[in-house]
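Chains as they are written, first to last, in our numbering: chain A, 3 to 300; chain B, 14 to 340; chain C, 219 to 556. Step one of this worksheet: look at the structure below.
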Amino acid sequence: MSEKTAAAPAAPSQFKKTNQWFDVWRRLKQSKTAVIGLVIFVLLCLMALTAPIFFNYEQDVIRINVQNRLQPPSAEHWMGTDDVGRDVLARVVWGSRASLSIAFSIVAFSLFVGGTIGSTAGYFGGVYDNVVMRIMDIFQAIPGILLAITIVAALGPNTVNLVIALVVSSCPVFARVVRGPVLTIREVEYVEAAKAIGAKSGTIITSHVLPNCLAPIIVQATLSVAGMILSVAALSFLGLGIQPPAPEWGAMLSGARTFIRDHSYLAFFPGLAIMITILSLNLLGDGLRDALDPRLKT
Amino acid sequence: MSETNTNAPLLEVKGLKKYFKTRRGMLHAVDDVSFKIERGKTLGIVGESGCGKSTLGRAILRLLEPNGGQVLFEGQDVANLNAEQMRLKRRDMQIIFQDPFSSLNPRKTIAQTIGEPLKLNKIITDKNKRMERVLELMSIVGLAERLVNTYPHELDGGRRQRIGVARALALNPKFIVCDEPVSALDVSIQAQVLNLMKELQSSLGLTYMFITHDLSVVNHFSDDIGVMYLGRMIEKAPAEELFANPIHPYTKALLSAIPIPDIHYKMERILLRGEVSSPIEPPNMCRFAPRCNDCMEKCRTSEPALVEVSPGHFVSCFLASDEVMPV
Amino acid sequence: MSNVSDNRRMALEIENLVVEYRTHEGTVHALNGLDLYIEKGKTLGLVGETGAGKTTAGLSVLRLVPDPPGVIVDGAIKLNGETIFDKTDKEMESIRGKAVSMIFQDPMTSLNPVFTVEDQIAEVIERHEQLTKEESYVKAREMLELVGIPGTRGGEYPHQFSGGMKQRVVIAIALACSPSVLIADEPTTALDVTIQAQVLEMMKGLREKYDTSMLMITHDLGIVAEICDSVSVIYAGRVIEHGDLEDVFDNTRHPYTEGLFNSLPNLQDRQSRLKPIQGLMPDPRDLPTGCPFHPRCDYAKDICSKERPPKTYRNERHYVECHLYNSENIVEGKVINR
Numbered sequence: 003m004s005e006k007t008a009a010a011p012a013a014p015s016q017f018k019k020t021n022q023w024f025d026v027w028r029r030l031k032q033s034k035t036a037v038i039g040l041v042i043f044v045l046l047c048l049m050a051l052t053a054p055i056f057f058n059y060e061q062d063v064i065r066i067n068v069q070n071r072l073q074p075p076s077a078e079h080w081m082g083t084d085d086v087g088r089d090v091l092a093r094v095v096w097g098s099r100a101s102l103s104i105a106f107s108i109v110a111f112s113l114f115v116g117g118t119i120g121s122t123a124g125y126f127g128g129v130y131d132n133v134v135m136r137i138m139d140i141f142q143a144i145p146g147i148l149l150a151i152t153i154v155a156a157l158g159p160n161t162v163n164l165v166i167a168l169v170v171s172s173c174p175v176f177a178r179v180v181r182g183p184v185l186t187i188r189e190v191e192y193v194e195a196a197k198a199i200g201a202k203s204g205t206i207i208t209s210h211v212l213p214n215c216l217a218p219i220i221v222q223a224t225l226s227v228a229g230m231i232l233s234v235a236a237l238s239f240l241g242l243g244i245q246p247p248a249p250e251w252g253a254m255l256s257g258a259r260t261f262i263r264d265h266s267y268l269a270f271f272p273g274l275a276i277m278i279t280i281l282s283l284n285l286l287g288d289g290l291r292d293a294l295d296p297r298l299k300t
Numbered sequence: 014m015s016e017t018n019t020n021a022p023l024l025e026v027k028g029l030k031k032y033f034k035t036r037r038g039m040l041h042a043v044d045d046v047s048f049k050i051e052r053g054k055t056l057g058i059v060g061e062s063g064c065g066k067s068t069l070g071r072a073i074l075r076l077l078e079p080n081g082g083q084v085l086f087e088g089q090d091v092a093n094l095n096a097e098q099m100r101l102k103r104r105d106m107q108i109i110f111q112d113p114f115s116s117l118n119p120r121k122t123i124a125q126t127i128g129e130p131l132k133l134n135k136i137i138t139d140k141n142k143r144m145e146r147v148l149e150l151m152s153i154v155g156l157a158e159r160l161v162n163t164y165p166h167e168l169d170g171g172r173r174q175r176i177g178v179a180r181a182l183a184l185n186p187k188f189i190v191c192d193e194p195v196s197a198l199d200v201s202i203q204a205q206v207l208n209l210m211k212e213l214q215s216s217l218g219l220t221y222m223f224i225t226h227d228l229s230v231v232n233h234f235s236d237d238i239g240v241m242y243l244g245r246m247i248e249k250a251p252a253e254e255l256f257a258n259p260i261h262p263y264t265k266a267l268l269s270a271i272p273i274p275d276i277h278y279k280m281e282r283i284l285l286r287g288e289v290s291s292p293i294e295p296p297n298m299c300r301f302a303p304r305c306n307d308c309m310e311k312c313r314t315s316e317p318a319l320v321e322v323s324p325g326h327f328v329s330c331f332l333a334s335d336e337v338m339p340v
Numbered sequence: 219m220s221n222v223s224d225n226r227r228m229a230l231e232i233e234n235l236v237v238e239y240r241t242h243e244g245t246v247h248a249l250n251g252l253d254l255y256i257e258k259g260k261t262l263g264l265v266g267e268t269g270a271g272k273t274t275a276g277l278s279v280l281r282l283v284p285d286p287p288g289v290i291v292d293g294a295i296k297l298n299g300e301t302i303f304d305k306t307d308k309e310m311e312s313i314r315g316k317a318v319s320m321i322f323q324d325p326m327t328s329l330n331p332v333f334t335v336e337d338q339i340a341e342v343i344e345r346h347e348q349l350t351k352e353e354s355y356v357k358a359r360e361m362l363e364l365v366g367i368p369g370t371r372g373g374e375y376p377h378q379f380s381g382g383m384k385q386r387v388v389i390a391i392a393l394a395c396s397p398s399v400l401i402a403d404e405p406t407t408a409l410d411v412t413i414q415a416q417v418l419e420m421m422k423g424l425r426e427k428y429d430t431s432m433l434m435i436t437h438d439l440g441i442v443a444e445i446c447d448s449v450s451v452i453y454a455g456r457v458i459e460h461g462d463l464e465d466v467f468d469n470t471r472h473p474y475t476e477g478l479f480n481s482l483p484n485l486q487d488r489q490s491r492l493k494p495i496q497g498l499m500p501d502p503r504d505l506p507t508g509c510p511f512h513p514r515c516d517y518a519k520d521i522c523s524k525e526r527p528p529k530t531y532r533n534e535r536h537y538v539e540c541h542l543y544n545s546e547n548i549v550e551g552k553v554i555n556r
């Protein structure tokens, strides 16, 4: 009773693997706002990557030039110059490197740490789950930025400590986001099937459970990058983040606050950069959420 | 396989218990169930939803840890093995699941799913040799070679169920628990899969425990049939005997309730009152008593034991056991 | 053909119904010229496998085919002699639940969890009948008693009932305004056999009491044998064999119907090998030409892949759509070996 004798509807594509991400991409394309978000975000990344081509770090970004101080936007300085005569455009462009890379590494680390905690807690359950998640609750009960301020204040303000602080404060969120779907997926029969063929817990988590709860994780990660840019900016604004003279959007905003009355462009452009980045990531994140949800499949 | 004593049962379950903790007390999913399955035979387990039949299958494979009792597989108590020993033992004891949609990982191709047991148990470490074995397994279960790189969602239920069968066969098991393997399939496809499983049984010498709610399927497929009600095995007999001569009132009602696709076949239908009572902290009485049409005083105060009323025919009912052992 | 002429006797007539679902992956041809009729007070079994178009047929009668992607391309549906495609949406709302109502397969999802069961029954009664709130709640409790649930449990919520009880509640809602046509879409598939027996027995009683005509959508020939008067076998969106119960069960003509019977395990003869239908249901986006069953048919001839077979009548009601038959050999049968 072999199936070869049966006349099955033959689709020509059946020999090659079809990529499931292609479906996601197709659905993402249908959302105009998501595509706009994606385009802006790609442009921002390109800007960060190509910054050294347009502006020399030593010459344009950090060199003090007091004769040029506080010039309004002009043909020569599109965004004007700051209080020590540095070109704001150059600093905004270079600032994207710091803001984006720090935000991404924070998200990557918290995803890894929080994801490990959340997935093991969700998969094994019981006492371990209870203890770990209560600790996460304690962390979450403290406002993230306050926790980060405390850690940076204790360890001293530099980039590494900034990353550590924000990873610690955002871990619980990721642990929760990962744990939820893991709780559902671990009850599905293919997980039981994996156990039945002799798979160990680690294999089950990494190859059966996690790949099937990627959707909420990816969405949360995208939205978190926006949040992190804001947090880094906030900490830099408070003087606890990126230290001068390195350019960073939050630090630039912070520096501009004394001149905001007469030279508002100093605050306007870095603020605009932060806003555009967050907006693009939020649009993209919302689009991804819809595209990754198979229930909305049309 | 068969060089060992063929008379000894392959699997013997003694007093197996599986309870779940709930907020309202202990849920007795499987309560003191005992039976034997001989090599190459099929034991059918029938019962309605919530009777504990799926839990029984999982407790035997220790996908759920039993709370008591013994599971003797080739004379060795599986329930006492540690995690690593059990992992190795699972090569001999496999399971086919009910739902061909949720039992396959949607992100793995057919080849990955069927090859996974070989890879995890380090049976075939070479990638190309493993693929050969995967293709061999696919042809055994009647899956066309061209499907090797497809994902489960591209296939229909019948083909998916064949993948499940191939995955279970990959480790050359001796014993397979079939948990409602065809109830999610259309009748024409159901017959294809049932025939396949029967062929595999005779060619590979498999022993099955076939769990189902469909009495006509179990009758077709099994040598012996056990009927479960609220965690208890209430009647067990060779298939023909059970259908010809059911003794327990529940079995009688169950058999009479099967809709027969024949307009000339009219059977007196025994309608049961009410619905299955709660399996949480069941009182010490016959668990079927609240729905039983022949319920006696005694049924409400004590629980009947499973006794052999004729060779191979076991029943747990005072109506039957009184005849054997008058009070 | 003569039966269609007498319209007054028909509770439901569907003629040449064509329904498509237009999706990104292509057009799904759900119904391809479905003909179906139910005489007043009778029960028709609509038998077929997953994807044959059974549920779409049921939804079409209520004009509930989701649109988009569903499009009714052609055909007519007459309910008690009135064409429902002419009705406005407003008129349709008063027809649903009153003249025709539907029981869905899954009782778990067809009840609203935040209302008590008597709320849900009374709501239907209030909408369709000139009754006060109090009166409709009294009627709701009567309906519950009728389906075998104590009226005092009316104030409980759906989650407090078991699966069988929920399906009884669903049936109570469907019958609350004594519709002339009841469409039951696999009403007992989600239930256990003993509960199924209870529910079927109850439906038989209610059908007689209310003189309801019923469309019983099912995949289970056993249920058809039990409760139906006539049966239509549907394959790839067309009725390929139709007749009274005796016609279809004892004088099976279509190879597909035959295959369905042969696929079922026989309770009397346990050792018999099952004879499944080879192959799979065709993809409704890409149906075979000619007779849609020909790729799976053991008796397929050349013509089967080229032309769609016409209806061949064995008697006034019993017909098949199959090239194996003509007006001579249809009576004798014996073209396929049972």
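For glycine and all other residues, C-beta sits at the position ideal for the given N, C-alpha and C. The model shown is predicted, which means the values in this text are computed figures rather than measured ones.
Within the region 363–388 of chain C, contact with chain B at the beta-carbon level (separation under 8 Å) is assigned to 380, 381, 382 and 383.
Scanning the region 119–179 of chain A from its first residue to its last, the whole alpha helix (DSSP H) runs of 4-plus residues come out as 128–143 and 146–157.
Closest in alpha carbon position to residue 365 of chain C, among C/312, C/428 and C/410, is C/428. In terms of beta-carbon proximity, residue 205 of chain B lines the interface with chain C, with at least one pair separated by less than 7 Å.
Residues of chain B whose Cβ lies closer than 7 Å to the Cβ of residue 504 of chain C do not exist; the shortest such Cβ separation is about 14 Å. DSSP lists C/319 and C/432 as the beta-bridge partner residues of residue 400 of chain C.
Residue contact check for residue 281 of chain B against chain C: no CB pair falls below 7 Å. Here the alpha carbon of residue 249 of chain B sits roughly 14 Å from the alpha carbon of residue 268 of chain B. Rounded to the nearest whole angstrom, the CA to CA distance from residue 164 of chain A to residue 151 of chain A is 9 Å.
Beta-bridge annotation (DSSP): residue 30 of chain B is paired with B/81. The count of Cβ pairs closer than 8 Å, one atom from the region 437–452 of chain C and one from the region 509–520 of chain C, stays below three, leaving the stretches out of contact. The beta carbon of residue 264 of chain B is closer than 6 Å to those of 240 and 248 in its chain, skipping five residues each way along the sequence.
Counting only Cβ-Cβ distances below 7 Å, residue 198 of chain A has contacts in chain B at 74, 76, 103, 107 and 108, in chain order.
Residue range 473–481 is occupied by the alpha helix (DSSP H) that includes residue 474 of chain C. Contact check for residue 293 of chain A against residue 41 of chain A fails: the beta carbons are separated by 7 Å or more.
410, 411, 412, 413, 414, 415, 416, 418 and 419: these are the residues of the region 406–422 of chain C whose beta carbon lies less than 8 Å from some beta carbon of chain B, given in chain order. CA-CA distance, residue 157 of chain A to residue 190 of chain B, rounds to 58 Å.
The shortest C-alpha to C-alpha distance from residue 266 of chain C to any of C/317, C/346, C/334 and C/454 is the one to C/454. The distance from the Cβ of residue 248 of chain C to that of residue 274 of chain C is about 4 Å, consistent with a contact at the 8 Å cut-off. By the neighbour-count criterion, in which 16 or more other beta carbons inside 10 Å mark a residue as buried, residue 260 of chain A falls on the exposed side.
If the five residues before and after residue 281 of chain C are omitted, its C-beta is found closer than 7 Å to the C-beta atoms of 302 and 310, all from its own chain and listed in chain order. For residue 438 of chain C, the residues of chain B that pass the 9 Å Cβ criterion are 200, 272 and 274, in the order they occur in the chain. Secondary structure within the region 182–256 of chain B: the alpha helix (DSSP H) runs of 4 or more consecutive residues, fully enclosed, are 200–217 and 228–234 (chain order).
Nearest to residue 199 of chain A by alpha-carbon distance, out of B/295, B/176, B/322 and B/180, is B/180. Residue 331 of chain B is a Cβ neighbour of residue 317 of chain B, given a cutoff of 7 Å. Note that the C-beta distance between residue 433 of chain C and residue 262 of chain C is below 7 Å. For the C-beta of residue 266 of chain B, the chain C residues within less than 7 Å are, from N- to C-terminus, 412. Proximity of residue 216 of chain B to chain A, defined by a Cβ-Cβ separation below 7 Å, is not satisfied. Exclusion of the five residues before and after residue 166 of chain B leaves 119 as the residues of its chain whose Cβ lies within less than 8 Å of its Cβ. Contact note: residue 294 of chain C does not reach chain B at a C-beta cutoff of 7 Å; the least C-beta distance is about 30 Å. The Cβ atoms of residue 394 of chain C and residue 343 of chain C lie closer than 7 Å to each other.
Listed by position along chain C, the residues whose Cβ is nearer than 8 Å to that of residue 61 of chain B are 410, 411, 412 and 413. Distance check between residue 250 of chain A and each of A/266, A/275 and A/29 places A/275 closest, using alpha-carbon atoms only. By the beta-carbon neighbour count (other beta carbons within 10 angstroms, threshold 16), residue 431 of chain C is buried. In this structure, the straight-line span from the alpha carbon of residue 221 of chain A to that of residue 437 of chain C is close to 42 Å.
For residue 410 of chain C, the secondary structure class from DSSP, reduced to helix, strand or coil, is coil.
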